[in-house]
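Have a look at the structure below before the remarks.
There are 2 protein chains.
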Amino acid sequence: MNSYQARTDDMFFVLSRVLDGPAQLQALSPYAEVDAALMQQVLDEAGKFVAEVVAPLSRDGDEIGASWKDGVVTTPPGFRQAYQAFWQAGWPALSASPAHGGQGLPSVLEAMLYEMLSAANHGWTMAPGLLHGAYECIRHHGSDALRERYLEKLATGEWLATMCLTEAHAGSDLGLVRTRAEPLPDGRYALSGTKIFISGGEHDLSDNIVHLVLARLPDAPPGPKGLSLFVVPKFEPDGTRSAVVCERIEEKMGLHGSPTCVLRFDAAAASLVGAPGKGLNAMFVMMNAARLHVALQGIGLLDAAWQKADAYARERRQMRAPGAGKGATTPDPIAEHPAIRRILDSQRAWVDAGRVLAYRTAIELDRIAHAQGQAQTQAQRWCALVTPIMKAVFTHQAFHGGSDCLQVFGGHGYVREWGIEQIVRDARVAMIYEGTNEIQAIDLLVRKVLVDGGQDMLALLDGLQADVPDAADTQAQTRARIDTLRGLTTGIVQAAPGDPALPYRVADDYLRACALVLLDWAWHRIDAGLDASAPGTGARWQAPARALRQWVLPEFEMRAGIIGRQCEAVTG
Amino acid sequence: MNSYQARTDDMFFVLSRVLDGPAQLQALSPYAEVDAALMQQVLDEAGKFVAEVVAPLSRDGDEIGASWKDGVVTTPPGFRQAYQAFWQAGWPALSASPAHGGQGLPSVLEAMLYEMLSAANHGWTMAPGLLHGAYECIRHHGSDALRERYLEKLATGEWLATMCLTEAHAGSDLGLVRTRAEPLPDGRYALSGTKIFISGGEHDLSDNIVHLVLARLPDAPPGPKGLSLFVVPKFEPDGTRSAVVCERIEEKMGLHGSPTCVLRFDAAAASLVGAPGKGLNAMFVMMNAARLHVALQGIGLLDAAWQKADAYARERRQMRAPGAGKGATTPDPIAEHPAIRRILDSQRAWVDAGRVLAYRTAIELDRIAHAQGQAQTQAQRWCALVTPIMKAVFTHQAFHGGSDCLQVFGGHGYVREWGIEQIVRDARVAMIYEGTNEIQAIDLLVRKVLVDGGQDMLALLDGLQADVPDAADTQAQTRARIDTLRGLTTGIVQAAPGDPALPYRVADDYLRACALVLLDWAWHRIDAGLDASAPGTGARWQAPARALRQWVLPEFEMRAGIIGRQCEAVTG
Numbered sequence: 002m003n004s005y006q007a008r009t010d011d012m013f014f015v016l017s018r019v020l021d022g023p024a025q026l027q028a029l030s031p032y033a034e035v036d037a038a039l040m041q042q043v044l045d046e047a048g049k050f051v052a053e054v055v056a057p058l059s060r061d062g063d064e065i066g067a068s069w070k071d072g073v074v075t076t077p078p079g080f081r082q083a084y085q086a087f088w089q090a091g092w093p094a095l096s097a098s099p100a101h102g103g104q105g106l107p108s109v110l111e112a113m114l115y116e117m118l119s120a121a122n123h124g125w126t127m128a129p130g131l132l133h134g135a136y137e138c139i140r141h142h143g144s145d146a147l148r149e150r151y152l153e154k155l156a157t158g159e160w161l162a163t164m165c166l167t168e169a170h171a172g173s174d175l176g177l178v179r180t181r182a183e184p185l186p187d188g189r190y191a192l193s194g195t196k197i198f199i200s201g202g203e204h205d206l207s208d209n210i211v212h213l214v215l216a217r218l219p220d221a222p223p224g225p226k227g228l229s230l231f232v233v234p235k236f237e238p239d240g241t242r243s244a245v246v247c248e249r250i251e252e253k254m255g256l257h258g259s260p261t262c263v264l265r266f267d268a269a270a271a272s273l274v275g276a277p278g279k280g281l282n283a284m285f286v287m288m289n290a291a292r293l294h295v296a297l298q299g300i301g302l303l304d305a306a307w308q309k310a311d312a313y314a315r316e317r318r319q320m321r322a323p324g325a326g327k328g329a330t331t332p333d334p335i336a337e338h339p340a341i342r343r344i345l346d347s348q349r350a351w352v353d354a355g356r357v358l359a360y361r362t363a364i365e366l367d368r369i370a371h372a373q374g375q376a377q378t379q380a381q382r383w384c385a386l387v388t389p390i391m392k393a394v395f396t397h398q399a400f401h402g403g404s405d406c407l408q409v410f411g412g413h414g415y416v417r418e419w420g421i422e423q424i425v426r427d428a429r430v431a432m433i434y435e436g437t438n439e440i441q442a443i444d445l446l447v448r449k450v451l452v453d454g455g456q457d458m459l460a461l462l463d464g465l466q467a468d469v470p471d472a473a474d475t476q477a478q479t480r481a482r483i484d485t486l487r488g489l490t491t492g493i494v495q496a497a498p499g500d501p502a503l504p505y506r507v508a509d510d511y512l513r514a515c516a517l518v519l520l521d522w523a524w525h526r527i528d529a530g531l532d533a534s535a536p537g538t539g540a541r542w543q544a545p546a547r548a549l550r551q552w553v554l555p556e557f558e559m560r561a562g563i564i565g566r567q568c569e570a571v572t573g
Numbered sequence: 002m003n004s005y006q007a008r009t010d011d012m013f014f015v016l017s018r019v020l021d022g023p024a025q026l027q028a029l030s031p032y033a034e035v036d037a038a039l040m041q042q043v044l045d046e047a048g049k050f051v052a053e054v055v056a057p058l059s060r061d062g063d064e065i066g067a068s069w070k071d072g073v074v075t076t077p078p079g080f081r082q083a084y085q086a087f088w089q090a091g092w093p094a095l096s097a098s099p100a101h102g103g104q105g106l107p108s109v110l111e112a113m114l115y116e117m118l119s120a121a122n123h124g125w126t127m128a129p130g131l132l133h134g135a136y137e138c139i140r141h142h143g144s145d146a147l148r149e150r151y152l153e154k155l156a157t158g159e160w161l162a163t164m165c166l167t168e169a170h171a172g173s174d175l176g177l178v179r180t181r182a183e184p185l186p187d188g189r190y191a192l193s194g195t196k197i198f199i200s201g202g203e204h205d206l207s208d209n210i211v212h213l214v215l216a217r218l219p220d221a222p223p224g225p226k227g228l229s230l231f232v233v234p235k236f237e238p239d240g241t242r243s244a245v246v247c248e249r250i251e252e253k254m255g256l257h258g259s260p261t262c263v264l265r266f267d268a269a270a271a272s273l274v275g276a277p278g279k280g281l282n283a284m285f286v287m288m289n290a291a292r293l294h295v296a297l298q299g300i301g302l303l304d305a306a307w308q309k310a311d312a313y314a315r316e317r318r319q320m321r322a323p324g325a326g327k328g329a330t331t332p333d334p335i336a337e338h339p340a341i342r343r344i345l346d347s348q349r350a351w352v353d354a355g356r357v358l359a360y361r362t363a364i365e366l367d368r369i370a371h372a373q374g375q376a377q378t379q380a381q382r383w384c385a386l387v388t389p390i391m392k393a394v395f396t397h398q399a400f401h402g403g404s405d406c407l408q409v410f411g412g413h414g415y416v417r418e419w420g421i422e423q424i425v426r427d428a429r430v431a432m433i434y435e436g437t438n439e440i441q442a443i444d445l446l447v448r449k450v451l452v453d454g455g456q457d458m459l460a461l462l463d464g465l466q467a468d469v470p471d472a473a474d475t476q477a478q479t480r481a482r483i484d485t486l487r488g489l490t491t492g493i494v495q496a497a498p499g500d501p502a503l504p505y506r507v508a509d510d511y512l513r514a515c516a517l518v519l520l521d522w523a524w525h526r527i528d529a530g531l532d533a534s535a536p537g538t539g540a541r542w543q544a545p546a547r548a549l550r551q552w553v554l555p556e557f558e559m560r561a562g563i564i565g566r567q568c569e570a571v572t573g
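Taken in order, these protein sequences are the chains called A and B.
If you use our numbering, the first sequence corresponds to residues 2 to 573, in order.
If you use our numbering, the second sequence corresponds to residues 2 to 573, in order.
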């Protein structure tokens with residue numbers, strides 16, 4: 002029914018007032034001319050495009066879905082027209098380099114655009130979702146010939162792209178990939194194997210599709226070090242169709258607008274991207290940006306769910322709210338019932354904090370690219386540590402908080418009518434792809450924290466604590482939580498040698514504990530940024546802040562307790 | 002792929018060894034002859050019927066679903082044949098009185114049957130799910146003529162039944178029901194109005210359908226006290242079709258096998274059931290049994306999800322498990338990875354404890370019917386307090402724990418292949434119907450606990466604590482949790498007068514805290530019952546017990562903290 006409207010005022014408030022984004026970005030040379038007014042204008046235009054062109058296609062995207070016949074995939078009604086309008090208006094090129102036809106704007110604007118797109122139509126947004134990663138991959142690892150051939154097409158979005166990693170027996174463990182690449186006389190390779198779960202592996206949205214494929218050269222060692230990256234276009238420059246066949250598309254829980262393809266490569270002519278055996282490195286270059294985008298899908302979907310539930314709860318009247326006067330007999334809007342209030346305010350606390358954290362991370366990505374010295378080092382630290390946390394908790398929250406929003410509708414939430422159950426079904430996949438949430442937790446604790454004895458994480462926590470002065474009660478509580486998390490970090494570092502499985506047992510709890518500290522920090526930043534320019538009333542910001550402290554943050558102590566007991570059991 | 006197999010050995014172990022069910026029930030006169038061997042035989046036969054007849058229809062039930070055309074509803078392939086086989090084999094009559102063609106067996110066997118049916122095929126099971134409630138309703142409130150006409154048909158299940166409560170504007174607040182009943186000259190009433198969300202409101206499974214409908218007499222006061230209960234059959238005894246039209250069926254997130262109908266009553270001839278203005282009382286007579294059945298749906302669905310995830314995790318190999326030897330390079334079954342182990346063991350802890358609590362509740366329902374004096378009073382107390390807890394937490398766990406089981410499959414869980422995503426979609430509705438989980442929490446705290454100043458709850462807690470001797474560490478922890486819950490109960494009772502909204506703010510936390518104490522208690526009962534007759538190895542029972550204590554129970558302290566702070570804010 003009511004479809005998503007981007008809250009660009011809330012979004013811009015976080016970017017400008019809470020994060021001081023325009024000034025921070027103008028300090029980086031490529032963005033010296035990008036002022037607040039330009040940023041706001043881009044966001045407003047993006048909000049309009051999303052609401053007018055993309056959001057209205059979401060229901061058909063789910064109900065009609067993509068279909069497959071004899072290797073040909075047809076996307077839902079309107080999807081191709083919307084995509085053509087999207088790339089021709091220059092949206093995919095937002096943060097690509099002007100050297101390749103891009104607009105050279107900061108990554109954070111692209112991040113905010115993808116938040117809106119995902120909120121409006123997750124299925125459609127899957128198509129351009131991998132473009133920027135493919136662009137960066139070829140930009141950094143491709144030969145001059147490949148760059149010449151692909152960069153502008155990918156920067157502008159005229160051609161779409163895929164990432165072909167997974168095989169039936171190789172999911173989280175890409176070291177098991179079996180697809181083989183045999184050298185051809187012309188310097189290319191004949192690529193053979195079957196890839197599954199390929200989003201947008203075949204479709205009618207764009208005139209060409211650029212597949213990035215992980216495969217093994219004949220002399221490659223087993224395991225992840227034997228993987229190389231290749232590029233295979235759907236159509237060669239002379240119009241020849243490559244030997245890539247879409248064998249079927251999957252029937253899924255949701256995301257029906259996005260064709261999830263089984264792709265069979267039958268000795269398809271492929272070009273090597275980067276060095277042999279360095280396939281995973283080439284892919285990992287874009288990992289942080291891709292994971293941040295998935296986190297933004299979560300934030301967008303949760304906001305969309307919240308918007309629907311909020312609107313419904315204001316209209317729907319059932320029973321008197323507790324504490325209401327005895328006289329009247331008219332039922333109250335369910336928004337006034339405490340159980341509903343709690344759901345709505347808690348989800349809003351997640352969304353607002355999510356924006357602070359995600360936009361900050363996007364700014365740090367630009368700092369990695371364009372700053373030097375300590376600023377760059379700190380940006381790398383932030384992105385390495387915060388990105389897996391964001392990916393895991395915001396995809397989790399989109400599904401679980403989205404389900405809470407569904408609950409606001411009662412039985413009306415379980416039927417299609419309001420579109421809320423679609424959000425819950427669509428959101429579920431994001432907990433799995435781009436590295437399952439369990440993999441994110443291991444990435445954080447084992448690969449990022451333990452690897453340097455916790456030093457980077459402790460430095461990050463110092464930075465967070467420095468932002469929270471010890472004045473109000475809530476600030477003291479936050480500082481204490483950061484102290485606790487510091488202790489847990491050191492505790493795991495010390496206990497891990499005694500039991501190599503320990504970090505894996507507590508990784509999920511550790512990631513949640515870190516996330517809650519980040520959420521807590523983000524709301525102090527919001528508190529500090531609040532002024533007369535903030536959209537909405539005081540209650541607009543006080544209600545989620547209160548919900549955060551009453552209902553959301555207590556999980557921190559629970560997680561801390563679990564981790565502490567696990568460490569004690571090892572160290573005695 | 003792999004379809005559900007009832008674990009009747011686990012189920013019977015809980016009933017016989019953990020709960021001493023056969024002896025407890027044989028002490029009630031109607032069941033004096035029902036010994037353990039008979040119970041086990043009934044369960045084994047039920048398990049076979051469910052596996053052979055009902056489970057295989059689940060996938061088509063979801064994919065083809067029920068369909069509507071011109072008021073006629075067609076159920077999915079095989080559904081009618083399976084239902085005819087079901088009632089003709091006597092399954093609906095299991096616990097109905099022999100006076101009405103029933104088999105007079107204890108309610109717990111019916112409960113266990115419905116756990117299996119729901120696990121195997123939630124959509125199909127919706128059809129007979131309301132039979133027993135309708136039977137009890139007419140048995141206790143119907144006139145002799147109505148009893149004569151309907152009881153045997155409902156007891157045997159030859160005819161199916163519906164509950165027509167909800168209207169578009171009246172969901173949780175039934176006081177807003179508008180359907181009207183005008184007296185007819187023959188003593189019946191002309192019933193007019195539109196009911197929504199009527200499970201099985203129209204279908205082809207049985208030759209007749211008996212609708213129980215809430216409506217208002219012309220002189221009825223507004224609100225819930227103006228509601229009366231009526232019965233309207235689809236077909237009158239002379240074969241005339243009643244003026245009830247199925248206007249459409251809903252498109253839902255799941256449960257596609259069960260038609261959710263909009264029913265329009267056009268001056269349909271209706272008979273009054275019970276006294277005018279006592280419609281809700283007549284419905285509430287069966288509330289505890291109905292809510293227990295919904296809790297059993299949750300337990301069954303969670304078990305089905307667990308079975309699928311457990312089987313997949315033993316076969317699927319990805320990466321070495323932490324702590325595995327360095328030498329081998331073969332990837333390990335993901336069941337050996339701690340994140341997966343945690344999911345599997347935690348869900349099993351919920352399922353096992355769920356059975357202890359649900360079967361115990363079913364035994365108490367029989368005590369209410371057939372015991373006297375203190376035993377009966379205690380049984381009433383148990384059912385009043387424990388039933389809303391069970392309904393809320395096990396439907397919650399089926400969805401959230403089911404989603405965790407989906408996660409075990411990675412991307413393979415998001416596609417239809419293994420049927421796990423269907424379980425998650427199907428399970429979601431049970432958090433809403435039969436009183437939303439938020440309503441259960443209010444029912445528990447406001448209507449059951451506060452109403453007598455907490456006395457019944459404190460007595461229940463005394464009983465739980467008496468079952469847990471103060472010997473082992475885990476026992477001391479459990480006793481301490483019970484003490485804490487006692488203090489929270491008293492705290493809310495004392496603080497509530499200062500803020501009438503307080504109980505509504507903490508109702509969800511209170512219900513969760515109670516549930517965790519019950520779970521904790523249930524596992525002590527399991528520990529006490531373990532002997533050589535327990536199915537499986539020691540690890541079969543130790544792993545979920547450990548998971549419960551490590552990962553599940555820490556939520557108790559979090560909930561206690563939230564409640565305590567809310568009470569303090571009121572009492573100062």
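We put the CB at the ideal spot given by N, CA and C, even for glycine.
Just so you know, these numbers come straight off a predicted model, no measurement behind them.
Item	Value
Selected residue, minimal CA-CA separation from residue 250(A), among 264(A), 420(A) and 231(A)	264(A)
Test item: CB-CB of residue 396(B) and residue 296(B) under 9 Å	yes
Within chain A, the residues that residue 552(B) reaches when beta carbons sit closer than 8 Å	563
Rounded distance between the beta-carbons of residue 274(A) and residue 232(A), thought under 8 Å	5 Å
Same chain, Cβ closer than 8 Å to residue 464(A), neighbours up to 5 away in sequence not counted	379
Own chain residues within Cβ distance below 7 Å of residue 2(B), not counting five before or after	A caution first: residue 2(B) carries a pLDDT of 49, below 50, which makes its placement in the model unreliable, though a value can still be read off. Counting only Cβ-Cβ distances below 7 Å, and skipping sequence neighbours, we find 418, 419 and 420.
Supposed close pair residue 1(A), residue 502(B) - CB separation, criterion 8 Å	Look at the range of chain A in this structure, 2 to 573, and you will see that residue 1(A) is not part of it.
Buried versus exposed, by CB contacts within 10 Å (16 or more), residue 237(B)	exposed
Local conformation of residue 5(B) per DSSP, three classes	coil
Status (buried if at least 16 other CB within 10 Å, exposed otherwise) for residue 185(A)	exposed
Rounded Cβ spacing between residue 486(B) and residue 507(B) (contact assumed at less than 8 Å)	The Cβ separation is near 13 Å, so there is no contact.
Spatial distance of residue 128(A) from residue 252(B) (CA atoms)	27 Å
Euclidean distance between Cα positions of residue 609(B) and residue 514(B)	Any question about residue 609(B) goes unanswered here, given that chain B covers just 2 to 573.
First through last residue of the beta strand (DSSP E) which encompasses residue 649(B)	Missing from the structure shown is residue 649(B); chain B here goes from 2 to 573 and no further.
9 Å Cβ cutoff, residue 2(B) in contact with chain A	With a pLDDT of only 49 at residue 2(B), under 50, the local geometry of the prediction cannot be trusted, and no value is derived from it.
Rounded distance between the beta-carbons of residue 142(A) and residue 283(A), thought under 8 Å	4 Å
Ranges of the alpha helix (DSSP H) found wholly within the segment 483-535 of chain B, counting only runs of at least 4	503-530
Close beta carbons around residue 244(A), own chain, < 8 Å, minus the five adjacent residues each side	266, 267, 268, 269 and 270
DSSP three-state assignment for residue 13(A), whether helix, strand or coil	helix
Test item: CB-CB of residue 355(A) and residue 308(A) under 9 Å	no
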